[in-house]
Amino acid sequence: MIPRALMIPSAFMISSARQRWASGLRRYRSGACFVIRMALLAMLALFAMPVGTTAQATGNPPDSVRSGLQAGYVVPIEGEVNFRMVALVRRGVREALASGASRLILDIDTPGGEVTKMEEILAVLEQLDDQPVDTVAWIRNEALSAGSVIALACKRIWVSPRATIGATVPVVAGGL
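Every position in the sequence shown, counted from 1, becomes a number in my numbering once 27 is added.
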């Protein structure tokens with residue numbers, strides 16, 4: 028008996044192998060075409076989405092927020108929420124009330140910070156509930172952790188198109 032490896036394939040074996048290969052290629056092509064079609068459809072849907080106004084795309088507050096800036100007061104909340112941030116917000120609220128501002132805008136760009144300092148900022152913002160001051164959180168880049176809670180304490184939240192808000196879970200250093 029001749030070992031199978033040394034056998035010369037017959038014409039039938041070659042043609043059936045080609046058919047199997049061709050049918051597999053057709054299945055592969057149809058799967059690849061499906062993936063390509065879905066990718067093109069996704070790209071088309073992405074580019075067909077409406078684009079925001081140029082004022083929003085540049086990271087500036089929307090016109091409805093900017094319209095009150097002559098009677099408003101902007102307090103930047105940038106970097107880590109700590110004791111300096113509490114002092115800055117206290118001073119900003121005090122000056123906004125003294126100047127008779129109708130709107131207090133918190134320009135937020137923070138990865139979060141200390142929970143106790145966040146609670147102090149919330150207590151300061153709570154003082155404005157009885158005042159005729161409209162509080163607006165403008166999230167320019169990110170408002171994570173304590174920053175998102177501070178934003179939620181405001182009466183309005185405006186978010187830039189590329190901004191991130193969320194992750195409101197307290198982070199414990201070193202585990203439990």
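Where a beta carbon is used, it is the ideal one built from N, C-alpha and C, also for glycine.
- In the DSSP assignment, Thr162 forms a beta bridge with Leu131.
- Secondary-structure assignment with DSSP links Thr137 through a beta bridge to Ala170.
- Judged by DSSP in its simplified three-state form, Arg121 adopts helix.
- Within the same chain, Cβ atoms closer than 7 Å to the Cβ of Leu115 are found at Val102, the five residues on either side in sequence being excluded.
- For Glu147 and Ser175, the gap between their C-alpha atoms comes out near 15 Å.
- By alpha-carbon distance to Ala178, the top candidate from Pro188, Gln158, Thr137 and Ser126 is Thr137.
- Residue pairing by DSSP places Val108 opposite Gly140 in a beta bridge.
- Per the DSSP secondary-structure output, Thr195 pairs with nothing in a beta bridge.
- Remark: C-beta atoms of Val120 and Ala173 do not approach each other more closely than 7 Å.
- A residue is called buried once 16 or more other Cβ atoms fall within 10 Å of its Cβ, and Ser187 is buried on that count.
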